[in-house]
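>
Numbering (our numbering), first residue to last: 1017 to 1178.
1. Could you tell me the alpha carbon to alpha carbon distance between residue 1168 and residue 1046, rounded to whole angstroms?
2. Measuring alpha carbon to alpha carbon, tell me which residue in 1119, 1143, 1077, 1107 is nearest residue 1163.
3. Would you mind sorting residue 1098 into buried or exposed? The rule is 16 or more other CB atoms within 10 Å of its CB.
4. Taking only three categories from DSSP, how would you classify residue 1142?
5. Determine the burial state of residue 1139: buried for a count of at least 16 other Cβ atoms within 10 Å of its Cβ, exposed for fewer.
6. Once the 5 residues before and after residue 1055 are set aside, which same chain residues still bring their CB inside 7 Å of it?
7. Please go through the same chain and pick out, in chain order, the residues whose beta-carbon is closer than 7 Å to the beta-carbon of residue 1128, but skip the five residues on each side of it.
8. What does the alpha-carbon distance come out to for the pair residue 1023 and residue 1078?
9. Just the Cα atoms here: how many angstroms apart are residue 1170 and residue 1133?
10. Helix, strand or coil, according to DSSP, for residue 1019 in the structure here?
11. Once the 5 residues before and after residue 1131 are set aside, which same chain residues still bring their CB inside 6 Å of it?
12. Return the CA-CA distance between residue 1088 and residue 1076, expressed in angstroms with no decimal places.
13. If I measure Cβ to Cβ from residue 1051 and keep anything under 6 Å in the same chain, skipping five residues before and after, which residues do I get?
14. Just confirm the distance between the C-beta atoms of residue 1065 and residue 1030, as a whole number of angstroms; I'd bet it's less than 8 Å.
15. Do you know offhand how far residue 1071's Cα is from residue 1095's?
Laid out in structure tokens, this is it:
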């Protein structure tokens, strides 16, 4: 019933790509939930009705080879793969985030088509508003070719976007 209330309130469905509602990767820290709630009005206004992710919580997740716990190990990150639109289209980071120059600023103006521009705009505006503090895009490395990593930092002191 909590999930139903979430959907009714936000009108933006957040779900994992595996299709299992009770999958461990669907759990999240309440502060990430609050962030997603804060983002929902903007998403709705731009025609987004759903977000598909690869994972939020992964207990053993570390940052690269550093052995430093990642935001996923605390349920404070979401690996966003797809934006589902009101008109039935689904925008995929893998297929539709076309400009992905390695090391390039993901939030600068790129010669994107409308779908890529929409995804980039939603992600970059959310970061600029301080909703997410760590943003890793396909511009960073091949590990992020198919998703955008959006993470909150409870300290919220700075923004790191790649």
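We treat Cβ as the ideally placed atom computed from N, Cα and C, and that holds for glycine.
Here's the rundown:
1. Stepping through the chain shown from its first residue, residue 1168 is reached at position 152. Stepping through the chain shown from its first residue, residue 1046 is reached at position 30. Each residue's Cα considered, the two are about 11 Å apart.
2. The residue given as residue 1163 occupies position 147 in the chain shown. Of the listed residues, the one whose Cα sits closest to residue 1163 is 1107.
3. As a first step, residue 1098 is located in the chain shown; it is residue number 82 there, counting from the start. So residue 1098 counts as buried.
4. For the purposes of this step, residue 1142 is taken as the residue at position 126 of the chain shown. Residue 1142: helix per DSSP, three-state reduction.
5. Along the chain shown, one-based indexing puts residue 1139 at 123. The residue in question, residue 1139, is buried, as its Cβ has 16 or more Cβ neighbours within 10 Å.
6. Within the chain shown, numbered from 1, the residue matching residue 1055 stands at position 39. Excluding residues within five positions, the ones whose Cβ falls inside 7 Å are 1142, 1147.
7. Residue 1128 sits at position 112 when you count from the first residue of the chain shown. Counting only Cβ-Cβ distances below 7 Å, and skipping sequence neighbours, we find 1114, 1115, 1136.
8. Working through the chain shown from its first residue, we reach residue 1023 at position 7. Working through the chain shown from its first residue, we reach residue 1078 at position 62. Residue placement at residue 1023 is flagged as unreliable, the pLDDT there being 46, under the threshold of 50; the coordinate-derived value follows with that caveat. Their backbone Cα atoms lie some 30 Å apart in a straight line.
9. Mapped onto the chain shown, residue 1170 falls at position 154. Mapped onto the chain shown, residue 1133 falls at position 117. One C-alpha to the other measures close to 29 Å.
10. Taking the first residue of the chain shown as 1, we reach residue 1019 at position 3. Residue confidence is low: residue 1019 scores 44 on pLDDT, short of 50, so the model does not pin down where it sits. No coordinate-derived value is stated.
11. Locating residue 1131 in the chain shown gives position 115, where the first residue counts as 1. Only 1107, 1112 meet the Cβ criterion.
12. Along the chain shown, read from residue 1 onward, the residue named residue 1088 stands at position 72. Along the chain shown, read from residue 1 onward, the residue named residue 1076 stands at position 60. Taking the straight line from one Cα to the other gives about 8 Å.
13. For the purposes of this step, residue 1051 is identified with residue 35 of the chain shown, where counting begins at 1. 1147, 1168, listed in sequence order.
14. As a position in the chain shown, residue 1065 is number 49, starting the count at 1. As a position in the chain shown, residue 1030 is number 14, starting the count at 1. Between residue 1030 and residue 1065 the Cβ distance is about 11 Å, and since that is not below 8 Å, they are no contact.
15. Numbered from its first residue, the chain shown carries residue 1071 at position 55. Numbered from its first residue, the chain shown carries residue 1095 at position 79. Cα to Cα, the separation comes out at about 6 Å.
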